[in-house]
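Residue numbering for the sequence shown follows our numbering, starting at 214 and increasing by one per position.
Built from N, CA and C at the ideal position, the CB exists for glycine as well.
Inspection log for the structure reproduced underneath, given as structure tokens.
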Amino acid sequence: MKLLRTRHEGELLTCAMAQDGTLRDISAMLEVRDDRTWMAPELLRPAGERFEERWQSLAVVPYVPEQLDIPYQPRQLITVGGNFRCHAEQVGIPLPPEPILAMKSMGAAAPPYGVLKLPKGSARVDWEVELALVIGKAIRQGSTEISFDEHVAGYCVANDISDRDWLLQRGGQWVKGKSSDGFGRLGPMLVTPQSALPLHEMTLTCSVNGQLMQSARASEMIFTPHALITYIATFMSLAPGDTIFCGSPAGVALGRPGQSYLQSGDVLESGITGLGMQKLVCEAMEG
Numbered sequence: 214m215k216l217l218r219t220r221h222e223g224e225l226l227t228c229a230m231a232q233d234g235t236l237r238d239i240s241a242m243l244e245v246r247d248d249r250t251w252m253a254p255e256l257l258r259p260a261g262e263r264f265e266e267r268w269q270s271l272a273v274v275p276y277v278p279e280q281l282d283i284p285y286q287p288r289q290l291i292t293v294g295g296n297f298r299c300h301a302e303q304v305g306i307p308l309p310p311e312p313i314l315a316m317k318s319m320g321a322a323a324p325p326y327g328v329l330k331l332p333k334g335s336a337r338v339d340w341e342v343e344l345a346l347v348i349g350k351a352i353r354q355g356s357t358e359i360s361f362d363e364h365v366a367g368y369c370v371a372n373d374i375s376d377r378d379w380l381l382q383r384g385g386q387w388v389k390g391k392s393s394d395g396f397g398r399l400g401p402m403l404v405t406p407q408s409a410l411p412l413h414e415m416t417l418t419c420s421v422n423g424q425l426m427q428s429a430r431a432s433e434m435i436f437t438p439h440a441l442i443t444y445i446a447t448f449m450s451l452a453p454g455d456t457i458f459c460g461s462p463a464g465v466a467l468g469r470p471g472q473s474y475l476q477s478g479d480v481l482e483s484g485i486t487g488l489g490m491q492k493l494v495c496e497a498m499e500g
């Protein structure tokens, strides 16, 4: 099932994308609660089966990109660095023997379309298209029995936008360069594992002003999504809504001599095969 949340006539509706490409209101079929219990795979699977049987009878909702919200309620945002060999080589870091992790502030989470505010004084804001993995059911620290069918709500497109000056030049932790408002774009849809393409058929792409900057298959990751969940669960518990940004391929501005970073007026487009596209217009933050 492909889940989206969109604003329509003053309401935030939970929708699913039907076989004909239309959005259908499934609010009555899947009760989206603030406690995120609806994200459990054992609830999403039967809801998806009911949707396949009844989608033609459900109300059509207009697909207006600018009205889309994040397709679920994120909780923790966990990013993974250097998880593509090509990216590690481009930015000049050794291949990691273990996943490199950093947190993003929840304030960074934002919808897939709209305006990206470039913080005042930031000259090196960079793009990083990534596959995001969304937890649907709690995983206790130390758990060894972790499965996608039981614990994962789905995948979505992410852009782990990063301010390289705060990230690399100012000391301290990477969280400073990853946590500006709107630096964690998620969506447009949450696709359940059963409906998602296999990793080798997912191509991640990112373009700036129509020029392709990043392109790689998700199967090129050093650490697979399952390996990342298992690794992270060794030292922390995970809960519904926790989102793992699984790493970005080569093609970012960092490590490309002469390559401009994001500027006001730039159009940033990111996507993954089968998971949809994002589109952002950059603007300088005032004040």
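CB contact flag (residue i, residue j, <8 Å)
i, j, result
"residue 447", "residue 349", "no"
"residue 498", "residue 464", "no"
"residue 508", "residue 337", "Any question about residue 508 goes unanswered here, given that the chain covers just 214 to 500."
"residue 318", "residue 392", "yes"
"residue 328", "residue 422", "no"
"residue 468", "residue 295", "no"
"residue 366", "residue 287", "no"
"residue 456", "residue 493", "no"
"residue 252", "residue 453", "yes"
"residue 437", "residue 373", "no"
Counted within 10 angstroms of its Cβ, other Cβ atoms place residue i as buried (16 or more) or exposed
i, result
"residue 250", "exposed"
"residue 413", "exposed"
"residue 299", "exposed"
"residue 376", "buried"
"residue 418", "buried"
"residue 274", "buried"
"residue 333", "exposed"
"residue 482", "buried"
"residue 411", "exposed"
"residue 241", "exposed"
Length of the line joining the Cα atoms of residue i and residue j
i, j, result
"residue 219", "residue 435", "34 Å"
"residue 339", "residue 439", "27 Å"
"residue 490", "residue 370", "7 Å"
"residue 527", "residue 341", "Outside the displayed range of the chain (214 to 500) lies residue 527, so it cannot be described from this structure."
"residue 216", "residue 388", "29 Å"
"residue 238", "residue 301", "42 Å"
"residue 168", "residue 397", "Only positions 214 to 500 of the chain appear in this structure, which leaves residue 168 out of reach."
"residue 201", "residue 360", "No information on residue 201 is available, as it lies outside the stretch 214 to 500 that the chain covers here."
"residue 245", "residue 227", "7 Å"
"residue 442", "residue 232", "31 Å"
"residue 386", "residue 277", "38 Å"
Proximity test, residue i beta-carbon vs the ligand ZN heavy atom, cut-off 7 Å
i, result
"residue 374", "The ligand ZN is absent from the structure shown, which contains no ligands of any kind."
Start and end residues, alpha helix (DSSP H) containing residue i
i, result
"residue 283", "Premise fails: residue 283 is in no alpha helix (DSSP H) and is neither H nor E."
"residue 263", "254–267"
Limits of the beta strand (DSSP E) - the one that residue i falls within
i, result
"residue 224", "224–230"
"residue 343", "342–348"
"residue 186", "The shown model of the chain, from 214 to 500, leaves out residue 186, and the question about it has no answer."
For residue i: DSSP bridge partner residues
i, result
"residue 439", "DSSP lists no partner for residue 439."
Chain D contact for residue i (CB, 8 Å cutoff)
i, result
"residue 330", "The chain inventory of the structure shown lacks chain D, comprising one protein chain alone."
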